[in-house]
Each structure stands twice: as structure tokens, then as C-alpha cells.
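Accompanying notes for the structure given below.
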Amino acid sequence: MNDLLPGFADPVLDAQSAFRAVLEAMSRPGRIVAIDRLPEAPVPLMPAAAAVLLTLADADTPVWSDAGDRVVAWLGFHAGCPIASTPLAARFVLATGAAPALDALDPGSEEEPQFAATLILQVQALERPMDGGPEARRSESAAYADKLGSGWRLTGPGIEHAHHLHVIGAPTDFLAQWRAQRPLFPCGVDVILCAGTRLAALPRTVQIEEG
Amino acid sequence: MEQGYNFAYLDEATKRMIRRAILKAVAIPGHQIPFGAREMPLPYGWGTGGIQVTASIIGPNDTLKVIDQGADDTTNAISIRRFFARVAGVATTEHTAEASIIQTRHRIPERALREDQILVYQVPMPEPLFRLEPRVAETRRMHALAEYGLMQVRLYEDIARLGRIGTAYNYPVMVNARYLMSPSPIPAFDNPKMDRMPALQLFGAGREKRIYAVPPYTPVKSLDFDDHPFRAIRAPHACTLCGSTSSYLDEVVTDDRGGRVFVCSDTDYCQSRREKAA
Ligand SMILES: [Zn+2]
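First to last, the sequence lines map onto chains W and Y.
Numbering follows full-length UniProt numbering, with no gaps: position 172 of the first sequence is 172.
Numbering follows full-length UniProt numbering, with no gaps: position 234 of the second sequence is 234.
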């Protein structure tokens, strides 16, 4: 355990600050929020995902992870969470590689939808489309614009009109999976997308279209 | 900040449990989530549910306002404000515009709230169906199925008997067209302020151990009928102190011969209007 990286420098205030970032993200789906008091996360755990887990996971929340033994040891030491043997058995599912399908996670029950899993999904990048309109957009490199693709248009609770979000590195069929779980409401998985030190959330209520 | 207990009083395991409940509450607007409420150093009825929610979200950079029936200077509001100044070292204010967190009992401020504010309600009874269905398991089933006919019937019986819906406080609302929710004992006058509010609204019931939430910009509709639409009612007077004809008014008896005046229930709103006029 000597090579174990430290957790939060200030467990109380860092967790409070990270929680408010996650609360802001969950309250305003698709809005990108930065976490500024970060733990040193073991590879391949991104700092934002590490902060979310240290803030929310503990002995009461089984965590499933695809991130390998170093991350499991780090989580066990700093969060004290049990490790779930399947994604279905977990309250928090950490995906650093190919994510398990949404329908392989616990969606909660109609009477107790709060027991649904939260998927912490690491992606390559989260970007907000340019606010500068077509001019600013054209100044972006063509390659970058290609990579961004068409992006997502989000509507639903927490959103005044529509939020736009570009997610680079989400599973290719993610929108189809998302659409498939919406009729299950109030059941359904909530997702926290993490990229580096930033995150954006997708509560089960949000509708996502391409565009 | 006083030493001897954890920041914001609650231990970290309790905060994590409440924080998880809050996030799921936001993801399922209007759905009540049971939580393991802790004993607080204030008696029930003093807003222990709201206090636990506030304690789980508050940080050193927050500015806290606490109101009780619209007033910042009641014993209850003052004790809660002092409690958080002591255990979290946070700044407090009586001005709605300056607050990042507003904990409230029985009112929504008159001044429109912003995106960078959070409104925390103290809730005595979170279950809107409890008078109609005392069995908790049964109410849970009704919420699961969105089976709210009983409540519609109750309101319609009011109309048959009184010619109008007789509920002036704690008037039930539908959140995002899915969950029936108690807005806490705010006047029905305040219900429209909940609808598509830019601020996040969190609700904490200490004795009943429930947390629920309304995310920003979420539709909140007071139950009504096509032939008896909901109306936000206020006393048909102007505030004696500031002259407002749009704020919610309290009736104050001025002498023992039946003299009375009407004044704003929101003391900060009334005060700032008078300062502006002066
Ligand atoms: Zn007034």
C-alpha cells in the first residue's frame, strides 16, 4: 500500500466543493462543470471521476469498476466501498474503457427509483459548442469540427430552452441506449460524464437528440 | 468557526448519504426519497430536515439567508442562521439578492431567484396524500403508478361544497407532469413562483425523513380543473409600509378595537422597497 496515491487533500472541504459541482451538473444537464479541488488519481482514473467517487461512494455503495487493481485498491482505501462483481449489483459503475450497456445496470424500481445506478463514464472530451455563432465555428480547424460531429441537443428538467454538448468518446450507440431507457421513467440510470478535471451529467429525465 | 465538531456539524458519512439522496431527488423531480435523518441540536418543528439538507450542501464560500414565514428576525430564523455561522463559519445575510443558499419555512421570497441560488424548504409533512391515505406503502404505490385520482376527488369535493378549492396553504402541485408533491406549507399564492424557477429547489423533512427536489426550469403546476382554474390569492390591499400591491400580505392587529393593517410578509422585500422610496 506504500505506492497508494493520496485522496483528497482536505477530505471535508474538497468533498463539499466536488459535491456542489456534481449537484450543479445534475441540476443543469449537459452544462460542463470543472472540479477544482482534485485528488491525485491513479491511472486510468481521471481526476474528475476520482473526485466524484471519493465524494459519493462509501461502505453503503458497491462500486463496479473496469479500471484495474490499482484503482480498486485506491477506492477501497480512500472510499471504503465494497467492489461489486457485476455492473448490475453496483450503485456506482465506473467505466474507463468500453462501458457496460445501460440496460445491464440497476434501473431501480417504480416505487424506489432512487436505487438506480449512477454510471460514471470517462470520455475523451466534453466541449460546449461555440457561442460565437457561425463565424467562430468556421475558425475552428476542420479536423476538430469533424471530431466534434453534430453534438447533442438536451432538453428537460434543469434546462431553460436547450443545452448543447459535444461528447467525444461516448459509446457509438449511446443515444440509442439512452432513448431505450427513457420509457422506463421513473426508473433509469443517471450518467456522469467525466473528461479530465471536468464533468457533465445526464439525469434520466433528459432528452437527447443529435443536432 | 467553533472547534469540536465537523464542518457544518454533520459527520461526513451522513453528508454523503444525504448528498446521494439529493442527487437522486434532482434526477427524479418531485419523488420523495427516504433518508437516515440524524438528531440535530434543535427540536423537530425547527426545520431539522432543512437544516440537514443545508448542512450537506453548504461550503465556506456560501452566504446563507434563513426566513421563517417571510421574516429574517424570528427566533427560529435567527437560531438557524447563528447555528451555521458557528458550525460552518459562513457569511449570513437578510438580503435575498446576496444569498447563495436560502433556507425557508413557509414562504418563497418575493424577489425572483437566480440560477446561482439554492432554495431549501423546511417540510413538516412531505406526503401530499397523507390525509387521504395514511398507509405509507399505499402512498408509495400510488406515486409509482401516478395514481392521483383521490386528490382530484378531494379538491372537487371542496368545489362542490365551497364553490372553490378551499386549500390556502400547502396546495398540492404536479412536478414535471409526473409526481404529485407537497410544496410545504407555503401559501398557495407562492405556488406559481415554483414553476420553472431558475434556482434549484430542495426539500427536507426531518421528522418524516424524506428529501425531494425540483430542478431549475421544471414545470410545477398547481392541481386544478378546467372549470375551476388555480388562482393565486392575496389580501386585496396595499402594504401599509411600502405600498406594494403585488406581494403576499400578513394581517397585523394594531389595537384591541379591531384595528388592523396589512404588511408584506417578506420583510427584506418590504424593507428594500422602503429604502428605495426614501
Ligand atoms: Zn411592504
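Idealized CB from N, CA, C, for every residue including glycine.
Alpha-carbon to alpha-carbon, residue j and residue i
i, j, result
"Y:Asp268", "Y:Ala199", "19 angstroms"
"Y:Thr48", "Y:Met181", "20 angstroms"
"Y:Ile18", "Y:Phe225", "37 angstroms"
"Y:Ala91", "Y:Ile118", "15 angstroms"
"residue 314 of chain Y", "W:Asp36", "Chain Y is shown from 1 up to 278; residue 314 of chain Y falls before or after that span and cannot be answered."
"Y:Ala168", "Y:Ser246", "17 angstroms"
"W:Pro6", "W:Ile168", "29 angstroms"
"Y:Val26", "Y:Pro219", "13 angstroms"
"W:Gly211", "W:Asp190", "22 angstroms"
"Y:Pro134", "W:Gly76", "42 angstroms"
"W:Pro207", "W:Pro11", "The residue asked about is misnamed: residue 207 of chain W is Gln in this sequence, not Pro. Cα-Cα distance, rounded: 35 angstroms."
"Y:Asp62", "Y:Arg178", "32 angstroms"
"Y:Val252", "W:Ile120", "54 angstroms"
"Y:Asp73", "Y:Asp116", "24 angstroms"
"W:Arg153", "W:Ala104", "25 angstroms"
"Y:Glu110", "Y:Asp266", "7 angstroms"
"W:Thr88", "W:Val52", "Reading off the sequence shown, one finds Leu at residue 88 of chain W, where the question assumed Thr. About 20 angstroms."
"Y:Thr139", "W:Ala41", "44 angstroms"
"W:Ala79", "Y:Pro183", "36 angstroms"
"W:Met1", "W:Ala95", "With a pLDDT of only 48 at W:Met1, under 50, the local geometry of the prediction cannot be trusted, and no value is derived from it."
"Y:Ala85", "W:Ala162", "38 angstroms"
"Y:Gln52", "Y:Gly204", "7 angstroms"
"W:Ala67", "W:Leu102", "18 angstroms"
"W:Leu193", "Y:Cys270", "44 angstroms"
"Y:Ala21", "Y:Leu202", "11 angstroms"
"Y:Val153", "Y:Asp11", "44 angstroms"
"W:Phe8", "W:Val71", "15 angstroms"
"W:Ala125", "W:Gly151", "12 angstroms"
"Y:Thr54", "Y:Asp158", "36 angstroms"
"W:Ala136", "Y:Ser272", "Unreliable positioning characterises W:Ala136 in this predicted model, as indicated by a pLDDT of 45, which lies under 50. The coordinate reading is nonetheless provided below. When rounded, the distance between both Cα atoms is 43 angstroms."
"Y:Phe130", "Y:Met151", "10 angstroms"
"Y:Glu127", "Y:Leu113", "26 angstroms"
"W:His164", "W:Glu24", "16 angstroms"
"Y:Tyr248", "W:Leu54", "44 angstroms"
"W:Leu13", "W:Leu38", "11 angstroms"
DSSP beta-bridge partners of residue i
i, result
"Y:Asn233", "The residue you asked about is not Asn; residue 233 of chain Y is Ile in the sequence shown. Note: Y:Ile233 sits in no beta bridge, so no partner."
"Y:Phe203", "Y:Tyr121 and Y:Tyr212"
"residue 267 of chain W", "A query on residue 267 of chain W cannot be resolved here, the shown segment of chain W reaching from 1 to 211 and no further."
"Y:Val153", "According to DSSP, which records beta bridges pairwise, Y:Val153 is partnered with nothing at all."
"Y:Ser222", "Y:Val173"
"W:Cys194", "W:Gln122 and W:Leu199"
"Y:Ile159", "For Y:Ile159, which the question treats as bridged, DSSP gives no partner whatsoever."
"Y:Gln103", "Y:Val66 and Y:Val120"
"Y:Thr96", "Answer is none; Y:Thr96 lacks a bridge partner."
Residue ranges of each beta strand (DSSP E) run of no fewer than 3 residues wholly in the region 85-111 of chain W, ordered along the chain?
If we require 3 residues or more, the beta strand (DSSP E) runs fully inside the region 85-111 of chain W come out as 92-95.
Using a Cβ distance threshold of 8 angstroms, determine whether the region 109-118 of chain W contacts the region 27-39 of chain Y, with at least three qualifying pairs required.
Yes, the region 109-118 of chain W touches the region 27-39 of chain Y.
Residues of the region 47-61 of chain Y in Cβ contact with chain W at a cutoff of 9 angstroms, in chain order, please.
Correct list: Ser56, Ile57, Ile58, Gly59, Pro60 and Asn61.
Is the number of C-beta pairs between the region 74-92 of chain W and the region 12-28 of chain W that are closer than 8 angstroms three or more?
No: the two stretches stay apart, fewer than three of their Cβ pairs being nearer than 8 angstroms.
Chain W contacts made by the region 143-162 of chain Y, where a contact means CB separation under 8 angstroms
When CB distances to chain W are screened at a threshold of 8 angstroms, the residues of the region 143-162 of chain Y falling below it are His143, Ala144 and Leu145, in chain order.
Within 8 angstroms, do at least three Cβ pairs link the region 62-72 of chain Y to the region 81-101 of chain Y?
Flag = yes, the region 81-101 of chain Y and the region 62-72 of chain Y touch.
Can you give me, in chain order, the residues of the region 174-203 of chain W that have a beta carbon less than 7 angstroms from any beta carbon in chain Y?
Listed by position along the chain: Pro186, Asp190 and Pro203.
Contact between the region 187-199 of chain W and the region 170-178 of chain Y is defined here as three or more beta-carbon pairs at a separation below 8 angstroms; is this criterion met?
Counting Cβ pairs under 8 angstroms, fewer than three are found: no touch.
Would you call the region 53-61 of chain Y and the region 7-24 of chain Y in contact, with 3 or more CB pairs under 8 angstroms?
Enough Cβ pairs lie closer than 8 angstroms, so yes.
Can you list, in chain order, the residues of the region 58-73 of chain W whose Cβ is nearer than 9 angstroms to any Cβ on chain Y?
Closer than 9 angstroms at the C-beta level to chain Y, one finds these residues of the region 58-73 of chain W: Asp58, Ala59, Asp60 and Thr61.
The region 11-36 of chain Y: which residues have C-beta closer than 8 angstroms to a C-beta of chain W, in chain order?
Residues of the region 11-36 of chain Y with a C-beta less than 8 angstroms from any C-beta of chain W: Glu12, Ala13, Lys15, Arg16, Met17, Arg19, Arg20, Ala21, Ile22, Leu23, Lys24, Ala25, Val26, Ala27, Ile28, Pro29, His31 and Ile33, listed in chain order.
For the region 5-80 of chain Y, list the beta strand (DSSP E) runs that are entirely contained and at least 3 residues long, ordered along the chain.
Taken in chain order, the complete beta strand (DSSP E) segments of 3 or more residues contained in the region 5-80 of chain Y are 63-68.
Can at least three beta-carbon pairs, one atom from the region 175-188 of chain W and one from the region 235-254 of chain Y, be found at a separation below 8 angstroms?
Here the region 175-188 of chain W does not lie against the region 235-254 of chain Y, with fewer than 3 beta-carbon pairs under 8 angstroms apart.
If we count Cβ pairs, one from each stretch, closer than 8 angstroms, do we get three or more for the region 205-220 of chain Y versus the region 34-41 of chain Y?
They touch, by the three-pair rule.
Unbroken alpha helix (DSSP H) runs of length 4 or more, entirely within the region 171-197 of chain Y: which are they?
With a minimum length of 4 residues, the continuous alpha helix (DSSP H) runs that stay inside the region 171-197 of chain Y are 191-194.
Using a Cβ-Cβ cut-off of less than 8 angstroms, list which residues of the region 9-42 of chain W approach chain Y; keep chain order.
Hits within the stretch, in order: Pro11, Val12, Leu13, Ala15, Gln16, Ser17, Phe19, Arg20, Val22, Leu23, Met26, Ser27 and Arg28.
Between the region 75-90 of chain W and chain Y, which residues of the former have CB atoms less than 8 angstroms from a CB of the latter, in chain order?
From the region 75-90 of chain W, no residue has a Cβ closer than 8 angstroms to chain Y.
Below 7 angstroms between beta carbons is the criterion; list the residues of the region 189-211 of chain Y that meet it against any residue of chain W, in chain order.
Result list: Leu200.
Residues, ordered as in the chain, of the region 170-181 of chain Y that lie near chain W by beta-carbon distance below 9 angstroms:
For the region 170-181 of chain Y, which is checked against every Cβ of chain W, the residues closer than 9 angstroms are Val175, Asn176, Arg178 and Tyr179.
Give the list of continuous beta strand (DSSP E) stretches no shorter than 3 residues that lie fully inside the region 33-79 of chain W.
Complete beta strand (DSSP E) runs here, min 3: 63-65.
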